[in-house]
Every structure is written in C-alpha cells, then in structure tokens.
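Here is the structure we will look at, set down as structure tokens.
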Amino acid sequence: MSPTPRKSEIRKAYLLNKYVIITPGRAKRPRDIKEQTVIKRVTDCPLCPENIKNFARRNKNYIKDKIKREDGKWQVIAINNIFPAVSLNNEKAYGTQEVIIESRSHSKELANLEKQEIEQVLRMYAKRTKAISKNEKIDYILCFKNQGSKAGASIVHAHSQVFASHTLPPDVHEELGMAQSYQVKHKICPYCDIIKKEMKNERKIYEDKYIAAFAPYASEYHYEAWIFPKRHLDNITQFNDNEFGSFSRVYKLILEKLQALDLSFNCFLHQAVSWRDQHFYMKIQPRGSVWAGIELGSGLVINSVPPEQAAKYYRE
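In short: position in the sequence shown from 1, add 276, done, that's my numbering.
Following this line, the structure appears as structure tokens:
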C-alpha cells in the first residue's frame with residue numbers, strides 16, 4: 277500500500293515526462309474547494325428535442341445517429357457540430373466534429389441520469405467511433421465532455437462531443453511511443469501493469485471483474501480519476517455488455533461525487549484509431565484549481581489534493 281504523503285513530494289507521470297508536486301500540507305478538504313459553477317441558462321436551447329427536430333428539417337445530414345427509447349423517441353442523439361474547428365472539406369484542417377446530446381431533459385446533468393441511461397451515452401461513443409473510423413484519413417478520435425464554466429462548457433443541456441482528425445496530437449503520439457517502448461522492454465502493456473499495481477494501493481477507487489478505476493499517482497488535478505477496462509482493448513467499440521455495464525456504474529459514482537463538490541470537470545476517452553496496440557481508458561479531470569505562475573512558467577503542476585486522499589473520497 278502507498279500511504280498518503282505527509283510532506284510535499286515531486287512525482288513523475290507513469291509514462292510521459294511530466295512532473296507534479298503533491299502538497300498535502302496545503303490540501304483542502306472537499307467542502308473547501310467547492311465552487312459555484314454558473315452557466316447562463318437559455319430559454320431557446322439548441323439541444324432541446326423540438327429545436328433539433330426543427331433544425332434537422334432545414335439541414336440535410338444534421339442528425340448522425342440515434343439511440344431510441346421504448347416509445348420510439350430518441351434517448352441519446354448525435355448531431356453535426358455547426359461550428360466545427362475541422363471539416364471533411366478542408367485538407368488543411370481535415371476532420372469532423374459532432375455533438376452527443378445525452379438526454380432529452382434540459383435540466384438534468386449526466387450525474388442525475390440512471391446508470392442505464394449513462395450506459396447508452398457510452399454506447400453512442402462506441403457507435404460514432406466505429407462509424408467515423410471507417411474514414412481511412414482519420415487517425416484520432418476524441419470523445420470528450422466539458423461540464424461547468426471552468427471546464428469550458430457554454431450550454432447547460434447535458435452533452436458531450438466527438439472530435440476526429442487526421443492529425444495525431446503530439447502528447448498522444450508521445451504517450452503511445454513511450455507505451456510501446458515500455459512494452460518492448462518489459463513484455464507487458466504498461467497500463468495492464470499499472471492497473472495491477474494501483475489495485476493494491478490507496479489510490480484504488482473501484483474494482484470489479486471487468487473495470488478498474490484509480491486516482492493516478494501523479495494527478496495533475498484535484499480528484500482526478502482514470503477508468504480502465506481490465507481487458508486489453510484499444511477503443512470503446514470493443515466493449516462487451518458486461519464492460520459497458522461496469523464502466524457506466526463507476527462513471528456514475530465518480531460523477532455524483534464531483535457533483536457533490538460542484539466541481540467543473542473535463543473527461544475524455546484515450547483512443548487513437550491508427551494505433552491498435554494501446555490500452556483504452558477514460559480520464560476525468562476536475563477543474564477545482566487554477567494554474568498560475570509555477571504551472572505556466574515551469575511546467576510543474578502543484579496539486580494540493582493527494583491522489584490517495586481523492587481515492588478515499590470516492591470510496592466513501
């Protein structure tokens with residue numbers, strides 16, 4: 277077991293050459309870092325069902341996919357992002373962007389949905405990843421969610437996004453290269469190895485037959501959490517029913533805990549469709565702290581909530 281540090285210590289990320297200063301002496305209790313996340317509510321929400329229906333009538337191919345309820349109405353829907361940063365018609369910034377609307381309800385956050393409803397959101401990620409990856413020009417597909425003003429969200433209605441590009445981001449490329457080197461040297465996937473180790477110490481959040489979740493050793497963010505399938509899968513399209521069920525269970529648990537703190541957060545799926553020998557996982561990074569002079573000037577990140585403390589909060 278790895279105990280919560282009593283003094284500040286510098287920790288290196290598992291693979292990347294990134295360093296974090298864990299400062300437990302400055303650690304804040306959960307209630308002390310609670311923030312007020314305020315996003316302007318609009319009366320004419322573009323993500324509400326009637327507005328989507330009206331816009332789709334005027335715009336061909338606006339709706340990309342649906343997962344329906346028993347009554348035939350959509351439960352989760354994928355639509356084109358009408359303000360994309362990349363486009364299939366732009367060779368200089370080639371790619372595509374979509375919005376995943378997670379619920380018909382304007383007022384419910386993802387954390388407030390039932391486990392089965394959250395599972396359908398994950399299944400939509402899988403459907404869109406599978407569909408977009410058929411385009412051989414696409415090397416990278418990022419499914420991500422911004423929730424709260426500090427995380428960059430601008431619309432209250434629960435939604436996430438899919439960003440696909442022919443360019444593999446430098447950090448992802450570096451991580452994949454380091455993972456490959458580790459595997460050649462140690463004859464094992466680094467993340468399979470990390471999962472085994474983290475399930476034996478205080479950073480463990482959740483474990484069952486199919487899924488493992490923990491607070492990473494060198495967490496850059498307060499209450500950061502990673503969720504892995506135990507099977508060595510390279511993207512979410514390879515999930516089976518048991519993995520979808522377990523993953524949605526722990527995802528909901530973490531979302532509810534972050535909601536109790538009223539913390540903004542970003543979460544994203546780690547998958548690169550052009551590199552199959554990787555280990556898929558989700559990163560959840562709360563935005564309770566503001567990076568200032570040390571972080572921006574040196575690249576060293578200060579985290580006043582040790583991952584051991586964060587994991588304990590999630591387990592309680």
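Heads up, the beta-carbon is just placed ideally off N, CA and C, and yes, glycines get one too.
Backbone CA spacing between residue i and residue j [nearest angstrom]
i, j, result
"residue 579", "residue 348", "47 Å"
"residue 533", "residue 430", "22 Å"
"residue 461", "residue 453", "12 Å"
"residue 485", "residue 523", "11 Å"
"residue 592", "residue 499", "13 Å"
"residue 399", "residue 574", "40 Å"
"residue 330", "residue 565", "40 Å"
"residue 380", "residue 420", "19 Å"
"residue 406", "residue 284", "44 Å"
"residue 296", "residue 571", "9 Å"
"residue 442", "residue 449", "13 Å"
"residue 382", "residue 436", "14 Å"
"residue 299", "residue 581", "7 Å"
"residue 438", "residue 345", "22 Å"
Per-residue burial, residue i [other beta carbons within 10 Å of its own, 16 or more giving buried]
i, result
"residue 286", "exposed"
"residue 305", "Reliability of the predicted coordinates at residue 305 is poor, the pLDDT of 46 falling under 50, and no value is obtained from them."
"residue 536", "exposed"
"residue 520", "buried"
"residue 576", "exposed"
"residue 583", "buried"
"residue 292", "exposed"
"residue 464", "exposed"
"residue 376", "buried"
"residue 358", "exposed"
"residue 457", "exposed"
"residue 326", "exposed"
"residue 337", "exposed"
Supposed close pair residue i, residue j - CB separation, criterion 8 Å
i, j, result
"residue 424", "residue 563", "7 Å"
"residue 512", "residue 290", "Wrong, their Cβ atoms sit about 21 Å apart, outside the cutoff."
"residue 386", "residue 434", "5 Å"
"residue 510", "residue 447", "That belief does not hold up - the Cβ atoms of residue 510 and residue 447 are roughly 18 Å apart, past 8 Å."
"residue 343", "residue 396", "5 Å"
"residue 545", "residue 401", "7 Å"
"residue 487", "residue 505", "6 Å"
"residue 490", "residue 480", "5 Å"
"residue 374", "residue 361", "Residue 374 to residue 361, Cβ: 12 Å. No contact."
"residue 394", "residue 527", "6 Å"
Range of the contiguous beta strand (DSSP E) that encloses residue i
i, result
"residue 435", "435–441"
"residue 341", "339–344"
"residue 631", "Here the chain comprises residues numbered 277 to 592, so residue 631 is not present and cannot be evaluated."
"residue 582", "That residue, residue 582, is in no beta strand (DSSP E); it is neither H nor E in DSSP."
"residue 321", "Here residue 321 belongs to no beta strand (DSSP E), and DSSP marks it neither H nor E."
"residue 572", "Note, residue 572: premise wrong, no beta strand (DSSP E); alpha helix (DSSP H) at 569–574."
"residue 467", "Where residue 467 is concerned, there is no enclosing beta strand (DSSP E), although the alpha helix (DSSP H) it sits in stretches over 466–474."
"residue 477", "Looking at the DSSP string, residue 477 is not in any beta strand (DSSP E), and its letter there is neither H nor E."
"residue 377", "371–377"
"residue 598", "Within the shown structure, residues of the chain are numbered from 277 to 592, placing residue 598 beyond reach of any answer."
Residue range of the alpha helix (DSSP H) that includes residue i
i, result
"residue 327", "325–334"
"residue 444", "Run containing residue 444: none; DSSP gives neither H nor E here."
"residue 406", "391–408"
"residue 518", "517–537"
Q.
I want to know whether the stretch 492–508 touches the stretch 362–376 - three or more CB-CB distances under 8 Å.
A. With the cut-off at 8 Å, the stretch 492–508 and the stretch 362–376 do not touch.
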